[in-house]
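If you're matching them up, the sequences are chains A and B in order.
The numbering of the first sequence is our numbering, which starts it at 1 and goes up by one.
The numbering of the second sequence is our numbering, which starts it at 1 and goes up by one.
Cβ coordinates follow ideal geometry from the N, Cα and C atoms, glycine included.
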Amino acid sequence: AQKITQTQPGMFVQEKEAVTLDCTYDTSDQSYGLFWYKQPSSGEMIFLIYQGSYDEQNATEGRYSLNFQKARKSANLVISASQLGDSAMYFCAMREGVDYGGSQGNLIFGKGTKLSVKP
Amino acid sequence: KAGVTQTPRYLIKTRGQQVTLSCSPISGHRSVSWYQQTPGQGLQFLFEYFSETQRNKGNFPGRFSGRQFSNSRSEMNVSTLELGDSALYLCASSLEGADTQYFGPGTRLTVL
């Protein structure tokens, strides 16, 4: 079963409008981390935002916010005031079993959503 | 502070050959992870190194191996290349294993 599901293969948004990219996850761990990355056509994965499972407030980083609904196991990315440079692939990822003693952890990625911003 | 660097950026090999990819993490980062990205399988975890020890490994055959040096730089090696090994190989570094991973630009490997 997929652990990270991104149901929108592609999305269009008008420049300056807000857009929500969906992400649902599946884990039995109590402690986990959720990440969003942006991948432009150049290939580099750019970190956008992080949400810990115990964080009570939704994470925000500039124009990015994460709508975290723990009971529904969803971690949607909201981009406000879209810009042309936001056109890229967006990946939701999860790290399970987070132990802040520095233990191991690998990222599990969703299939991604291709966002296209229209002028 | 310089980001994660990967060399080479592009590589073309033929089936049966072997290849070594290099990754230099952000200064001070001790954990390095490797991922393979293909159109069909998406992003898949290969392995993670921390303080020169492999701490975690994904579901890849033994042809895929890696190591980490005392300065945290890491290399991954793929032996007996197959056509299916054509992919973008991404390296990521973090302070510790549980911290945010920052990715390099990737090495695009093409196997002919």
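### Message
Under 8 Å, with one C-beta from each stretch per pair, do the stretch 4-17 of chain B and the stretch 20-35 of chain A reach the 3-pair mark?
### Response
Between the stretch 4-17 of chain B and the stretch 20-35 of chain A there are fewer than three C-beta pairs closer than 8 Å, too few to call the two in contact.
### Query
Quick one, which residues of the stretch 24-44 of chain A are near chain B if we go by CB-CB under 8 Å, in chain order?
Those would be GLY33, PHE35, TYR37, SER42, GLY43, GLU44, in chain order.
### Task
Starting from ASN106/A, trace the beta strand (DSSP E) both ways and give me its first and last residue.
Run containing ASN106/A: none; DSSP gives neither H nor E here.
### Task
Could you tell me which chain B residues have their CB closer than 7 Å to the CB of LEU107/A, listed as they occur along the chain?
PHE45, GLN101
#### Entry: Minimum length 3: unbroken beta strand (DSSP E) runs contained in the stretch 42-117 of chain A
Listed in chain order, the complete beta strand (DSSP E) runs (minimum 3 residues) inside the stretch 42-117 of chain A are 46-52, 64-69, 74-79, 88-96, 107-109.
### Message
Quick check on GLY102/A - is its C-beta less than 8 Å from some C-beta in chain B?
### Response
Bear in mind that a pLDDT of 48 at GLY102/A, under 50, signals an unreliable position, so the number given afterwards is only what the model happens to contain. So, interface residue.
### Same chain, Cβ closer than 6 Å to GLY101/A, five either side skipped, listed in chain order
The predicted model places GLY101/A with a pLDDT of 47, which falls under 50 and marks its position as unreliable; any figure quoted below should be read in that light. No residues qualify anywhere along the chain.
### Task
Give the interface partners of LYS111/A over in chain B, defined as CB-CB distance under 7 Å, in chain order.
Correct list: GLY42.
### Message
With distance defined between alpha-carbon atoms, name the residue in ARG30/B, LEU11/B, PRO8/B, THR20/B nearest to ALA92/B.
### Response
ARG30/B
### Query
DSSP puts SER74/B in a beta bridge; with which residues?
Per DSSP, CYS23/B, GLN68/B.
#### Entry: Min CB distance GLY66/B to chain A below 8 Å
no
#### Entry: Nearest to VAL13/A (by Cα), restricted to the options ILE49/A, SER80/A, ASN67/A
SER80/A
### Message
Only counting the same chain, and skipping five residues up and downstream in sequence, which positions put a Cβ closer than 8 Å to that of ASP55/A?
### Response
PHE68
### Task
Please list the partners that PHE91/A has in chain B, where partner means a Cβ-to-Cβ separation under 9 Å.
GLY42, LEU43
### Message
Distance cutoff 8 Å, beta carbons only. Does LEU90/B sit that close to anything in chain A?
### Response
yes
### Task
Have a look at SER51/B and GLY58/B and give me their C-alpha separation to the nearest angstrom.
18 Å
### Query
Just reading off the beta strand (DSSP E) that GLN8/A is part of, what are its end residues?
Segment: none, GLN8/A is in no beta strand (DSSP E) and carries neither H nor E.
### Under the three-state DSSP convention, the category PRO105/B falls into
coil
### Message
Rounding to the nearest angstrom, what Cα-Cα distance links CYS23/A and GLY43/A in this structure?
### Response
21 Å
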